[in-house]
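To start, the structure under review is shown below, and the notes come after it.
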């Protein structure tokens, strides 16, 4: 399996890394990856809102994490190629779900947000 290295795409990443006092190149790579995931998370929140997480909270996030882990186990242990969502997409989802779960756990995620109702 070949590894693709993504070019630096986050403007000002070196300044952010310096402000955070990052010491390693892999730290900068991880920072940039996380910033890209935050941007994706924000777009999805704008599209879907908080209700789907708020409805079941931290336990619901755990179920979603388990689904992703089981998917990875199936793909990686059986050396299978996915038809739709890539293995990297699944790892990315796990990273974001970890943050969402932590926000639910600390009370920073508004668990009172309701899901929008469909018009009849």
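Numbering (my numbering), first residue to last: 2 to 121.
Think of the CB as a built atom: it goes at the ideal place given N, C-alpha and C, for glycine as much as any other residue.
Cβ of residue 32 within 9 Å of Cβ of residue 14? Mapped onto the chain shown, residue 32 falls at position 31. Mapped onto the chain shown, residue 14 falls at position 13. Taking a C-beta distance under 9 Å as the contact criterion, residue 32 and residue 14 qualify as a contact pair.
Quick one: any contact between the stretch 64-75 and the stretch 90-103, if contact means 3 or more CB pairs under 8 Å? Three or more Cβ pairs closer than 8 Å define a contact, and the stretch 64-75 meets that threshold against the stretch 90-103.
For residue 49, is the classification buried or exposed, using 16 other Cβ atoms within 10 angstroms of its Cβ as the cut-off for buried? Taking the first residue of the chain shown as position 1, residue 49 is located at position 48. Result: exposed.
Inter-residue Cα distance where the pair is residue 79 and residue 87: As a working note, residue 79 is residue 78 in the chain shown. As a working note, residue 87 is residue 86 in the chain shown. A direct Cα-to-Cα measurement between residue 79 and residue 87 gives close to 15 Å.
From residue 30 to residue 21, what distance separates their C-alpha atoms? Residue mapping note: residue 30 aligns to position 29 of the chain shown, counting from 1. Residue mapping note: residue 21 aligns to position 20 of the chain shown, counting from 1. About 13 Å.
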